[in-house]
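Report on the following structure.
Numbering (our numbering), first residue to last: 1042 to 1374.
This is the structure:
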């Protein structure tokens, strides 16, 4: 078992679990973006047939898990345990989903790293022979995130050019032992890195150093570089944060170049949709991973994908914002 750890912070799965199925649900704004046709379900409105935004967020996650199971020809009861989380205190949305799914449930909170953190944990549970099939999900919602971290949208407080738009999106993956689908091969567990900024209007730049720290550690631990991957994706650094992350990696000797992108940058047509510096939130990486990126793996357009979940672990008391990032490699056969 000790041989599974590589270097300082990375692990390799001796029997790499496969991502058997996935599903994505997004809000109206995300559906109008450049990847709108790549998502499984575009909501007509932010209530999603419920009476509150929090209920809508829970329903998004629940339906994403159900849809992922259905796409693989499974029933929900075929899932042995669910690992899921959201953006809010006490993770109400994911617990609402867990209540409705009525399955063994492990709530996780890693801010916007949640899907990647869950995939790493699912890989460990399966590679360790504790389970054969695990569902992992993450969700965020524009209205609940704005209310929680800034102001209710009804107050229209305005945003700076560096601010990012909270993504309304959910993604779920079914991770299992057997099959010939894309596999989770290695992972790097990040450190909490002290940020140099304290404002919620520039979260991407605040956590860029954490993202770079994990990516650089991943390359060093595994003795590989950016050229090993066809695509390297961070979760929600946005325009400013992703540029800073590239600079930090370059200073360490790793040029990411055209292999690198950020879900927060990609999910919206920023100029046409007036989305400032891009998107943020658990649903940013979750929706983009469970929409276009895993789709590109199965279609053969890419074979090696490095997902880097990025999270700001903040309390709004004026202190600097610590960040964390986790990385997981997904490779096609």
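For every residue, glycine included, the Cβ atom is placed at its ideal position computed from N, Cα and C.
Practice item. Pick out whichever of 1161, 1264, 1298, 1253 has its Cα sitting closest to the Cα of residue 1271. Key: Ranking 1161, 1264, 1298, 1253 by Cα distance to residue 1271 puts 1298 first.
Check your understanding: Shortest alpha-carbon distance to residue 1138 belongs to which of 1098, 1223, 1354?
Key -> When C-alpha distances from residue 1138 are compared across 1098, 1223, 1354, the shortest belongs to 1098.
Check your understanding: To the nearest whole angstrom, what separates the beta carbons of residue 1372 and residue 1223, a pair I think is in contact under 8 Å?
Key -> With 8 Å as the limit, residue 1372 and residue 1223 qualify as a contact, their Cβ atoms being about 6 Å apart.
Check your understanding: residue 1267 bridges to which residues according to DSSP?
Key -> Beta-bridge pairing links residue 1267 to no other residue.
Check your understanding: Measuring CA to CA, which of 1176, 1365, 1294 is closest to residue 1229?
Key -> When each option's Cα is compared against that of residue 1229, the closest is 1365.
Point to revise | For residue 1327, the nearest candidate out of 1188, 1158, 1121, 1258 (CA to CA) | key: Ranking 1188, 1158, 1121, 1258 by Cα distance to residue 1327 puts 1158 first.
Point to revise | Alpha carbon of residue 1260 to alpha carbon of residue 1175, nearest angstrom | key: One C-alpha to the other measures close to 28 Å.
**Study point:** Range of the contiguous beta strand (DSSP E) that encloses residue 1308
**Key:** Counted as a single uninterrupted DSSP element, the stretch harbouring residue 1308 is not any beta strand (DSSP E), since DSSP gives it neither H nor E.
**Study point:** Which listed residue (1221, 1121, 1313, 1320) has its alpha carbon closest to that of residue 1186
**Key:** Per the Cα distances, 1320.
Exercise for review: Specify the secondary structure class of residue 1355 as computed by DSSP and reduced to three states.
Suggested key: Looking at residue 1355 - three-state DSSP - the assignment turns out to be coil, as it is neither helix nor strand.
Practice item. Check whether the Cβ atoms of residue 1262 and residue 1048 lie closer than 8 Å to each other. Key: Yes, Cβ-Cβ distance for residue 1262 and residue 1048 is below 8 Å.
Check your understanding: Run through DSSP, which three-state label would residue 1210 get?
Key -> When DSSP states are grouped into helix, strand and coil, residue 1210 belongs to the strand group.
**Study point:** Alpha carbon of residue 1236 to alpha carbon of residue 1278, nearest angstrom
**Key:** Using only the alpha carbons, I get a separation of about 13 Å.
Review point. Is the segment 1080-1091 in contact with the segment 1120-1139, if contact means three or more CB pairs nearer than 8 Å?
Key: Contact between the segment 1080-1091 and the segment 1120-1139 is absent, with fewer than three C-beta pairs closer than 8 Å.
**Study point:** Continuous alpha helix (DSSP H) assignments of at least 4 residues falling wholly in the segment 1101-1154
**Key:** Counting only runs that start and end inside the segment 1101-1154, the alpha helix (DSSP H) elements of at least 4 residues fall at 1133-1142.
**Study point:** Close-in-space but distant-in-sequence residues of the same chain around residue 1166 (CB under 7 Å, 5 per side omitted)
**Key:** For residue 1166, where only same-chain residues beyond five positions count, the Cβ hits under 7 Å are 1172, 1175.
Check your understanding: For residue 1160 versus residue 1225, is the C-beta spacing smaller than 8 Å?
Key -> The answer is yes: Cβ separation under 8 Å.
Exercise for review: Grab the span of the beta strand (DSSP E) containing residue 1229 for me, first residue to last.
Suggested key: Here the beta strand (DSSP E) through residue 1229 covers 1224-1229.
Exercise for review: Could you name the residues of the same chain whose beta carbon sits closer than 8 Å to that of residue 1294, not counting the 5 residues immediately before and after it, in chain order?
Suggested key: If we look at residue 1294 and ignore the five residues flanking it on each side, it has no Cβ neighbours.
**Study point:** Simplified DSSP state of residue 1303, which is helix, strand or coil
**Key:** Annotated three-state conformation of residue 1303 is strand, per DSSP.
Review point. Can the beta-carbon of residue 1178 be found less than 8 Å from the beta-carbon of residue 1246?
Key: The beta carbons of residue 1178 and residue 1246 sit no closer together than 8 Å.
Check your understanding: How many angstroms separate the CA atom of residue 1156 from the CA atom of residue 1212?
Key -> Taking the straight line joining both Cα atoms gives about 8 Å.
Check your understanding: Taking the alpha helix (DSSP H) that residue 1339 falls in, what are its first and last residues?
Key -> Element bounds for residue 1339: 1335-1339.
Point to revise | Assigned secondary structure, residue 1170 (DSSP; H/G/I helix, E/B strand, else coil) | key: In the structure shown, residue 1170 sits in coil (DSSP, three-state: anything other than H, G, I, E or B).
Exercise for review: Would you mind working out which of 1258, 1060, 1050 sits nearest residue 1221, comparing C-alpha positions?
Suggested key: Cα-wise, what sits closest to residue 1221 is 1060.
Practice item. Grab me the residues of residue 1105's own chain with a C-beta within less than 7 Å of its C-beta, minus the 5 sequence neighbours each way, in chain order. Key: Cβ within range, chain order: 1064, 1065, 1066, 1178, 1211, 1212, 1213.
Review point. Helix, strand or coil: which one does DSSP assign to residue 1091?
Key: When secondary structure is reduced to three states using DSSP, residue 1091 falls in the coil class, being assigned neither helix nor strand.
Exercise for review: Give the range of the alpha helix (DSSP H) segment to which residue 1072 is assigned.
Suggested key: Under the DSSP assignment, residue 1072 falls in the alpha helix (DSSP H) whose first and last residues are 1069-1072.
Practice item. Keeping to the same chain, check which residues put their C-beta closer than 6 Å to that of residue 1145; ignore five residues upstream and five downstream. Key: Taken in chain order, the residues that qualify are 1122.
Exercise for review: Could you tell me if residue 1154 is buried or exposed, where buried requires 16 or more neighbouring beta carbons within 10 angstroms of its beta carbon?
Suggested key: Residue 1154 should be labelled buried.
Check your understanding: Just to confirm, are residue 1215 and residue 1370 a CB contact at a threshold of 8 Å?
Key -> No; because the gap between Cβ atoms is not below 8 Å, this pair is not in contact.
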